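Numbering (our numbering), first residue to last: 1 to 257. In this text, a Cβ means the ideal position worked out from N, Cα and C, and glycines have one as well. Computed from a predicted model, the values in this text were never measured in an experiment. Data block below; observations after.
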Amino acid sequence: MGSTEFMVQMEELSMAAVRMQELMRKSPHAAVEAGVPSSCLPALDATLASVLAVADSTKRLAASQASLSPESHPDPGMTSSLLPSTAAPALLPASTPPPVVGEPSVPPYLPPPESGSVPSSAPPASAPPPAVVASAPPPEFGDGVDEAKVASVMRFAQCSRELAIEALQVMPAVEQATMHAISLRSARAAAAPPPAGPPPARPPPARPPPGGRPAGPPPGPPPTATPPPPTAWSCASCTYENDVSAPTCGMCTAPRP
C-alpha cells in the first residue's frame, strides 16, 4: 500500500469515527438494547487512538529517516513500507568503533605512522564522506540516539498502522449496526400503545360571554302547573256553594258575581 492510499484510508477512518460519535451521542444505549454486542462499542476509542498514534509515529519516522539519510529524499507522507529492515541503515560491526566527525577514518589495527607523517590529530584535507555524516546522531532524538531507538520507532509505527487498518475494517459494520439499532428502537416506540392511566379530566364549563348572562332559564323556583277550572262558586252574601252553571245563588237568590 502506498503512502497516498494509506493517508486516504486514514481520512476515511477519521470521518467514520466522527459519524460514530454523533450516532452514539444521539442514542447512547440504542445499539445495546437492539442486540449489538457491547464489545463492538469500544472500537471507536481504539480507532481514535490508532489514528493519533499513526500520525505521531509517521512524523517521528520521517524526521529520523531525513536525519539518518540526508542524501536521499524520503516521501514526507511516509514511504510505502514501514518495516525496520527497509528504512533503518545497516548496523556497524561491534568490533569497529564509530568514526568521529572531524577525524580521518583510520582502522585501529594499522601500524602507527612513521616519523614525518601527518599526525592523526590534523584536520582532513577534504570533507568527511557521506557515510560519516549519516551516522551522526539526529538532532530530533538528542545525543543518545542509536539504531535500536530508530528501529523501535519504526516498529511502533508499523504496529499502530496495522491497528488502524483493522479498526478501519470494523468501523463500517459498527456504524451500520448502530444505525439499524436506532431505527428498530424508533419503530418500537412508534408501534407501542399509549401508557395506561387515569381518564382525562372533564373540560371546565364554558364561560359566559362578556357583558351578558349565559343562555338558559332564569334563576328561581320552577314554574307551577296551571290549576284546573273551578266547578263551583261561592255566594258573597251567604257563602253558599253554587254550581258553576247557576246564574244566581240557590239560597238567597243573589246574582253570581
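Q) If we ignore side chains and look at the alpha-carbon of each, how far apart do Ala173 and Arg185 end up? A) Each residue's alpha carbon lies about 18 Å from the other.
Q | Beta-carbon proximity list for Cys249, same chain, < 8 Å, skipping 5 on both sides | A | Result list for Cys249: Cys235, Ser237, Cys238, Tyr240, Asn242, Pro255 and Arg256, in chain order.
(Q) According to DSSP, simplified to helix, strand and coil, what is Met78? (A) Residue confidence is low: Met78 scores 45 on pLDDT, short of 50, so the model does not pin down where it sits. No coordinate-derived value is stated.
Q) Going by beta carbon distance, what residues of the same chain come within less than 8 Å of Cys252, once the five residues before and after it are set aside? A) Only residues of its own chain outside the window of five on either side were considered, and among them Cys235, Ser237, Cys238 and Tyr240 have a CB closer than 8 Å to the CB of Cys252, listed in chain order.
Q | Short Cβ contact (9 Å threshold) for Trp233 with Ala246 | A | Against a cut-off of 9 Å, the Cβ pair of Ala246 and Trp233 comes out as a contact.
(Q) Between the alpha carbons of Gly177 and Met171, how many angstroms are there, rounded? (A) In the sequence under discussion, the amino acid at residue 177 is Ala, which differs from the Gly named in the question. Ala177 and Met171: Cα-Cα distance of roughly 10 Å.
Q | Alpha-carbon to alpha-carbon, His180 and Pro200 | A | Spanning the alpha carbons of Pro200 and His180 requires a straight line of approximately 37 Å.
Q.
For a quick check, are the C-beta atoms of Ala244 and Pro230 less than 9 Å apart?
A. Per the sequence shown, residue 244 should be read as Val rather than Ala. Taking 9 Å as the Cβ cut-off, Val244 and Pro230 qualify as a contacting pair.
Q. From Glu175 to Leu168, what does the alpha carbon distance come to, in whole angstroms?
A. Their backbone Cα atoms lie some 11 Å apart in a straight line.
**Q.** Coil, strand or helix - Ser186 by DSSP
**A.** In this structure, DSSP gives Ser186 a helical state, which the three-state scheme calls helix.
Q. Rounded to a whole number of angstroms, what is the C-alpha to C-alpha distance between Ala192 and Ile182?
A. For the pair Ala192 and Ile182, the Cα-to-Cα distance works out to about 16 Å.
Q. On the three-state DSSP scale, how would you describe Pro138?
A. Its pLDDT being 43, under 50, Pro138 is placed unreliably by the model, and the measurement read from it follows with that caveat. Note: Pro138 maps to coil in three-state DSSP.
(Q) In this structure, how does DSSP classify Pro247 when only helix, strand and coil are distinguished? (A) Under the three-state reduction of DSSP, Pro247 is assigned to coil, being neither helix nor strand.
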